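Trainee: There's a structure below that I have some questions on.
Rendered as structure tokens:
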């Protein structure tokens, strides 16, 4: 019902909006001008203020409880309520904001207090991140990077059995728009025997899908794959900024550390699983000869319906492009179809040994590159390890990021006969090293 | 003054206490019988309840502010106040609890309300862990494990340049006494082509020093090595439970994940840096031929005084030993002298790229083995990769941990002419897999 293609909103900017039509209704945390952060819902060019909506008595029952939980300064309490409360809130929002809603007159009377313009608001990190985990489920990325780091051994023997992941840094997960400082660190420049210290010279982005965890599990318990979807609160874009030169020197034997922990950017809006229902797909078939997943990773419903068809895009806007008035230039267009493991498989794997997941935990998918160079989700891949610079519309070239470069991630779901929905943007401009 | 060897306490059990004499005064969170968690100070067999002490007006000025911050249900707010507030509280506590204190009569009059018996209280996790990082600074451990995982290449080229660390799981850091469930996971048994799923068969402990972070830094800023000590709130014991068979199969290329994230146990008492002052030492000289640390890791004061001389012990108590009435058996006695990097070097390195540290972040040192087999801090090392079983006093043997085994870590500081201080215990019993 809330996904029905023919439903319009009385919030006119929502109709035909590339990201936030009535069928999307993502939640986030925002600050109206001069006010404290609170929960809201993106609708067209506006944000529905959930605190004002609650105070106005617009919700009832489970939707009211969910809206109240989402009206504070972070969505963790809302995530903790789980899928049923979220669905109730989504259904209520869809009714309230639909053309012909009996509440329209009451809502319009509240004006900007209830529906401030998004452009006037400050968007915030949607939840307090308990733990952040970065997966590595983009098989083309794993192959491409593997070739650069280990030419003889690109894809390790565990890759097709284990949804590989590692723990990242929660404290530096930041919302779109937060500037990112180029890190200093140790690197071993080619031909040198001893490492040097200084600003990273090979700073990169990674185009990832972010996954917000809803209800968690107790330490020592596992989430079965069949139940895993119910533990996902929503989705966002994620840029896993990476200092490749630092990474190459530090990552053995315990994995990336300073190469990644200076910043991870996420888009502010949490797209609900229900909004993505029309864009679900079967998990792409494994290539012939690939092993079957172990039973704890295998679920018929997940195989049939656990894939996602979301276009992912990365764009670059350099300082020179800003000066010349040029638009951001697309560097790659990829898709979540290139995930070798589904989100449910990631959740089931993460918890199978008893690791406790909590509301507000964040997963990154890992870089989601496609097989073609125009689909590569990092500069490391697009420039073949920095060997083949990209030429930009401004006449500049890039192997890795320069100070002043702004990286912009976007995502969009399209399907014949269905209004497209989008994720908004995940932006970050690179500041020079201190 | 608060470390003076000749000072006794009017709390008689403190005098000569192996862990908690007047010279120690570690902070923690505890629940008196039937009551909510709050902050306290270990003194002999008793705990000084900081909330009751605050309400009784025992503190003034900066010490009062610090005690109030430490009297809630976690120490994060106290950690955030920093070193000056901590020193003020320590000085005040040392005066209040010293023999001859003018406050003695008033305090004794409050009886168990102010100073409940530790044995009657439930000890809690001392802080909400924001992020948990596990380092790898025990060079003998790195060498021993490196030999097992990479016989040709035990110590990687970066080891003597980089204080290697990786992000661990904050959500499963648990306090001493929390039972630990044997994890299930994927492993590749020897001689098999494809992985199996089931309970880990090579479950191990790791004997580590834990470090609690106090005041943090902003994202994009670094903590200079000369200032790093001021960002450390205190120390504890840490058992980094490890599933070696899961680890061997999963850890390439991004590091340990499920092999470690099911549980990390810490001792409940936070030993203040000031209590460890008498047990500071020069950083042990690097072996001839080892490289000099890069300047950001080098500080004359840290070199002269940044080492620690703390005895670390691991003991095992099996179900059969409990039935036979046997005492826990020591499996290893090691020392923090075997850290290749100082705590200040760990802090400076962690933040040098701009990673934000926050009050309540936890570091593990990595396993601190000595050069001799009786000093090995994990079963992986003590049994030479599971090849040479240990024989126990009960007549049992062990390669790795069995269900029902309890692992007990202890730490003590001793110096001629100085009362010994201890860390208390970090215990955990292993439950069978689900």
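Protein chains in written order, with our numbering: chain U, 1 to 434; chain F, 1 to 434.
Cβ atoms here follow ideal geometry from the backbone N, Cα and C, with glycine treated the same way.
Everything numeric in this text was worked out from a predicted model, so none of it was measured.
For residue 178 of chain U, list the residues DSSP reports as bridge partners.
Mentor: As a position in the first chain, residue 178 of chain U is number 178, starting the count at 1. DSSP, once it has assigned bridges, lists no residue as partnering residue 178 of chain U.
Trainee: Please list the segments of the alpha helix (DSSP H) lying wholly inside the region 352 to 383 of chain F, counting only runs of 4 or more residues, in order along the chain.
Mentor: Complete alpha helix (DSSP H) runs here, min 4: 379 to 382.
Trainee: Check each residue of the region 178 to 198 of chain U: if its Cβ is closer than 7 Å to any Cβ of chain F, include it; give the result in chain order.
Mentor: Listed in sequence order: 181, 183, 184, 185, 186, 194, 195 and 197.
Trainee: Do the CB positions of residue 165 of chain U and residue 149 of chain F come within less than 7 Å of each other?
Mentor: By 1-based counting over the first chain, the position of residue 165 of chain U is 165. By 1-based counting over the second chain, the position of residue 149 of chain F is 149. Contact flag unset, no.
Trainee: If contact is defined by three or more beta carbon pairs under 8 Å, each pair taking one atom from either stretch, is the region 5 to 14 of chain F in contact with the region 279 to 289 of chain F?
Mentor: Taking a contact to require three or more Cβ pairs closer than 8 Å, the region 279 to 289 of chain F and the region 5 to 14 of chain F do not qualify as touching.
Trainee: Which value, in whole angstroms, describes the spacing of the CA atoms of residue 19 of chain F and residue 26 of chain F?
Mentor: Numbered from its first residue, the second chain carries residue 19 of chain F at position 19. Numbered from its first residue, the second chain carries residue 26 of chain F at position 26. Using only the alpha carbons, I get a separation of about 10 Å.
Trainee: Count the other CB atoms within 10 Å of the CB of residue 63 of chain U; is the residue buried (16 or more) or exposed (fewer)?
Mentor: Sequence index remark: in the first chain, residue 63 of chain U carries index 63 (1-based). It counts as buried.
Trainee: When the Cα atoms are used, what is the spatial distance from residue 433 of chain U to residue 228 of chain F?
Mentor: The sequence position of residue 433 of chain U within the first chain is 433, counting from 1. The sequence position of residue 228 of chain F within the second chain is 228, counting from 1. In a straight line, the C-alpha of residue 433 of chain U is about 21 Å away from that of residue 228 of chain F.
Trainee: Quick one: is residue 6 of chain F buried, meaning 16 or more other Cβ sit within 10 Å of its Cβ, or exposed?
Mentor: Residue mapping note: residue 6 of chain F aligns to position 6 of the second chain, counting from 1. So residue 6 of chain F counts as exposed.
Trainee: Taking 7 Å as the threshold (C-beta atoms), are residue 246 of chain F and residue 187 of chain F in contact?
Mentor: The sequence position of residue 187 of chain F within the second chain is 187, counting from 1. The sequence position of residue 246 of chain F within the second chain is 246, counting from 1. Closer than 7 Å, so yes.
Trainee: Check the C-beta distance from residue 176 of chain U over to residue 428 of chain U and give it rounded, since I have them as a contact under 8 Å.
Mentor: Taking the first residue of the first chain as 1, we reach residue 176 of chain U at position 176. Taking the first residue of the first chain as 1, we reach residue 428 of chain U at position 428. Confirmed, Cβ separation roughly 7 Å.
Trainee: Alpha carbon to alpha carbon, how far is residue 323 of chain F from residue 404 of chain F?
Mentor: Mapped onto the second chain, residue 323 of chain F falls at position 323. Mapped onto the second chain, residue 404 of chain F falls at position 404. In this structure, the alpha-carbon of residue 323 of chain F lies about 11 Å from that of residue 404 of chain F.
Trainee: Should the region 48 to 62 of chain F be regarded as contacting the region 32 to 39 of chain F, the criterion being three or more beta carbon pairs within less than 8 Å?
Mentor: They touch, by the three-pair rule.
Trainee: List the endpoints of the continuous alpha helix (DSSP H) containing residue 53 of chain U.
Mentor: For the purposes of this step, residue 53 of chain U is taken as the residue at position 53 of the first chain. Note, residue 53 of chain U: alpha helix (DSSP H), 50 to 55.
Trainee: Just to make sure I have the definition right: I need the residues of chain F whose C-beta is within less than 9 Å of the C-beta of residue 352 of chain U. Which are they?
Mentor: Counting from one through the first chain, the residue named residue 352 of chain U turns up at place 352. Residues of chain F passing the Cβ test: 183, 184, 185, 186, 197 and 258.
Trainee: Would a check of beta-carbon distances place residue 99 of chain F closer than 7 Å to chain U?
Mentor: Residue numbering aside, residue 99 of chain F sits at position 99 when the second chain is read from its first letter. Residue 99 of chain F does not count as touching chain U.
Trainee: Only counting runs of 3 or more residues, tell me where the beta strand (DSSP E) segments fall wholly within the region 231 to 291 of chain U, in order along the chain.
Mentor: Positions of the beta strand (DSSP E) runs, each at least 3 residues long and wholly inside the region 231 to 291 of chain U, are given as 232 to 239 and 264 to 266 in order along the chain.
Trainee: So which of F/240, F/100, F/101 and F/124 has the shortest CA-CA distance to residue 204 of chain F?
Mentor: Indexing the second chain from 1 puts residue 204 of chain F at position 204. With distances taken between Cα atoms, residue 204 of chain F lies closest to F/240.
Trainee: Which of the residues in the region 160 to 176 of chain U, read from start to end, lie with their CB under 9 Å from any CB of chain F?
Mentor: 161, 162, 164, 165, 166, 167, 168, 169, 170, 171, 172 and 174
Trainee: For residue 296 of chain U, which residues in chain F fall below 7 Å Cβ to Cβ?
Mentor: Here residue 296 of chain U corresponds to residue number 296 of the first chain, with the count starting at 1. Going along chain F in sequence order, the residues near residue 296 of chain U (Cβ under 7 Å) are 197.
Trainee: Assess, as a yes-or-no matter, whether the region 56 to 71 of chain U is touched by the region 122 to 134 of chain U under the definition of 3 or more beta carbon pairs within less than 8 Å.
Mentor: no
Trainee: Express the C-alpha separation of residue 43 of chain U and residue 59 of chain U in angstroms, rounding to a whole number.
Mentor: Position 59 of the first chain, counting from 1, holds the residue named residue 59 of chain U. Position 43 of the first chain, counting from 1, holds the residue named residue 43 of chain U. Each residue's Cα considered, the two are about 17 Å apart.
Trainee: Does chain U have any CB closer than 7 Å to the CB of residue 341 of chain F?
Mentor: What you label residue 341 of chain F is simply residue 341 of the second chain in a count that begins at 1. Chain U contact via Cβ: absent.
Trainee: Count the CB pairs spanning the region 355 to 364 of chain U and the region 199 to 219 of chain U that are closer than 8 Å, and state whether there are at least three.
Mentor: yes
Trainee: Strictly below 7 Å CB to CB, what residues from chain F border residue 262 of chain U?
Mentor: By one-based count along the first chain, residue 262 of chain U stands at place 262. By Cβ distance, chain F contributes 353, 354 and 355.
Trainee: How is the beta strand (DSSP E) around residue 134 of chain U delimited, first residue to last?
Mentor: Within the first chain, numbered from 1, the residue matching residue 134 of chain U stands at position 134. First-last of the beta strand (DSSP E) with residue 134 of chain U: 132 to 135.
Trainee: Considering Cα atoms alone, identify which of U/365, U/201 and U/326 is closest to residue 235 of chain U.
Mentor: Taking the first chain and counting its residues from 1, the one referred to as residue 235 of chain U is at position 235. Among U/365, U/201 and U/326, the Cα nearest to that of residue 235 of chain U belongs to U/365.
Trainee: Within 7 Å (strictly less), CB to CB, does residue 346 of chain F reach chain U?
Mentor: Mapped onto the second chain, residue 346 of chain F falls at position 346. No - not a single Cβ of chain U is within 7 Å of the one on residue 346 of chain F.
Trainee: Determine the DSSP secondary structure at residue 323 of chain F, reduced to helix, strand or coil.
Mentor: As a first step, residue 323 of chain F must be located in the second chain, where it is residue number 323. Reduced to three states, the DSSP call for residue 323 of chain F is helix.
Trainee: Mind checking the region 136 to 148 of chain F against chain U and listing, in chain order, the residues whose C-beta falls within less than 8 Å of any C-beta there?
Mentor: Listed by position, the residues of the region 136 to 148 of chain F near chain U (Cβ gap below 8 Å) are 136 and 146.
Trainee: Residue 84 of chain U and residue 217 of chain U - do their beta-carbons sit closer together than 7 Å?
Mentor: Residue 217 of chain U sits at position 217 when you count from the first residue of the first chain. Residue 84 of chain U sits at position 84 when you count from the first residue of the first chain. Result no, Cβ atoms of residue 217 of chain U and residue 84 of chain U do not sit closer than 7 Å.
Trainee: Only counting the same chain, and skipping five residues up and downstream in sequence, which positions put a Cβ closer than 7 Å to that of residue 418 of chain F?
Mentor: Position 418 of the second chain, counting from 1, holds the residue named residue 418 of chain F. For residue 418 of chain F, where only same-chain residues beyond five positions count, the Cβ hits under 7 Å are 5 and 278.
Trainee: Closer than 9 Å by beta-carbon distance: list the chain U residues that pair up with residue 152 of chain F, in chain order.
Mentor: Along the second chain, read from residue 1 onward, the residue named residue 152 of chain F stands at position 152. Chain U residues near residue 152 of chain F: none, gap ~13 Å exceeds 9 Å.
Trainee: Look at the Cβ atom of residue 289 of chain U, then the Cβ atom of residue 342 of chain U, and state whether they are nearer than 7 Å.
Mentor: Your numbering for residue 289 of chain U matches position 289 in the first chain. Your numbering for residue 342 of chain U matches position 342 in the first chain. No. Outside cutoff.
Trainee: At a Cβ cut of 8 Å, what residues of the region 240 to 254 of chain F count as close to chain U, listed as they run along the chain?
Mentor: 243, 246, 249, 250, 251, 252, 253 and 254
Trainee: So which of U/88, U/24, U/408 and U/151 has the shortest CA-CA distance to residue 313 of chain U?
Mentor: Your numbering for residue 313 of chain U matches position 313 in the first chain. Among U/88, U/24, U/408 and U/151, the Cα nearest to that of residue 313 of chain U is on U/408.
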